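Visitor:
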Amino acid sequence: MKRLASSAVFVMTIVGVLVVVALILSTGLGAVGRYLGLSGITWSFEMVGILFLWTTAIGAVLSEVAGENVSIDGNTSTSGRNRWFRIYHNLILLTVAAAFLWSGKAMLARTAFVPTPVMRAPSWTVQSIIVFMGATLAVIAIARIVSAFRERG
Numbered sequence: 001m002k003r004l005a006s007s008a009v010f011v012m013t014i015v016g017v018l019v020v021v022a023l024i025l026s027t028g029l030g031a032v033g034r035y036l037g038l039s040g041i042t043w044s045f046e047m048v049g050i051l052f053l054w055t056t057a058i059g060a061v062l063s064e065v066a067g068e069n070v071s072i073d074g075n076t077s078t079s080g081r082n083r084w085f086r087i088y089h090n091l092i093l094l095t096v097a098a099a100f101l102w103s104g105k106a107m108l109a110r111t112a113f114v115p116t117p118v119m120r121a122p123s124w125t126v127q128s129i130i131v132f133m134g135a136t137l138a139v140i141a142i143a144r145i146v147s148a149f150r151e152r153g
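Mapping of the sequence shown onto the UniProt record's numbering: position 104 corresponds to residue 104, and the numbering continues sequentially without gaps.
#1: Grab me the residues of Met133's own chain with a C-beta within less than 6 Å of its C-beta, minus the 5 sequence neighbours each way, in chain order.
#2: Cα-Cα, which of Lys105, Val9, Gly67, Val15 is closest to His89?
#3: Quick one: does Leu91 have its CB under 8 Å from some CB of chain E?
#4: Roughly how many angstroms separate the alpha carbons of Ser128 and Ala138, rounded to a whole number?
#5: Quick one: residues in its chain with C-beta nearer than 7 Å to the C-beta of Ser44, no 5 flanking neighbours on either side, listed in chain order?
#6: In angstroms, rounded to a whole number, what distance separates the CA positions of Ser77 and Thr42?
#7: Keeping to the same chain, check which residues put their C-beta closer than 7 Å to that of Tyr35; ignore five residues upstream and five downstream.
#8: Apart from the five residues on each side of it in sequence, which residues of its chain come closer than 7 Å, Cβ to Cβ, to Val20?
#9: With the cut-off set at 8 Å, would you say Gly49 and Gly16 are in Cβ contact?
#10: Do you know how far the Cα of Leu38 is from the Cα of Val65?
#11: Quick check: the Cα distance between Thr136 and Leu4, rounded to an integer number of angstroms?
#12: How big is the Cα-Cα spacing for residue 155 and Phe149?
#13: Residue range of the alpha helix (DSSP H) that Gly28 falls in?
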């Protein structure tokens with residue numbers, strides 16, 4: 001199980017790096033196109049917006065895996081010592097993940113195939129970010145809850 005988890009984190013890290021590289025290239029292409037007056041490169045700015053959202057989502061998930069995500073110190077200072085607090089903390093994470101999944105599914109049901117303004121890509125390329133975050137955060141929370149229940153003490 002740990003090997004599968006570390007492989008998933010590794011793959012997600014590689015994908016995150018590729019998204020950041022694509023983000024940098026799209027930004028550079030848009031800047032050069034604007035500087036040179038090229039009119040056919042306006043799609044790069046829409047691509048930057050989409051890639052930025054994916055970078056944020058992947059970064060948030062990887063930060064949560066590493067235990068470096070934004071949190072309140074008072075809530076996490078005892079998390080290493082008290083398994084019941086860890087369960088509580090991850091039940092809250094699971095609730096947030098469920099909200100992401102519910103709202104992402106609702107949004108996809110309504111507008112998944114509405115084209116984006118410039119590239120005319122289906123909107124699910126942007127909206128699936130919410131479902132991705134919900135699903136991955138739910139897996140993390142469930143795995144941590146199961147692990148906490150398996151502990152002795």
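The beta-carbon is built from N, C-alpha and C at its ideal position, and this holds for glycine as well. Computed from a predicted model, the values in this text were never measured in an experiment.
Guide: Straight from the coordinates:
#1: Ala57, Phe100
#2: Gly67
#3: Here there is only one protein chain, and chain E is not present.
#4: 15 Å
#5: Ser26, Leu29, Gly30, Gly33
#6: Low confidence applies to Ser77: its pLDDT is 48, below 50, so where it sits in the model is not reliable, and the reading given next is rough at best. Distance between the alpha carbons of Ser77 and Thr42: 47 Å.
#7: none
#8: Thr55
#9: no
#10: 42 Å
#11: 14 Å
#12: Because the chain here runs from 1 to 153, residue 155 falls outside it and cannot be looked at.
#13: 2 to 36
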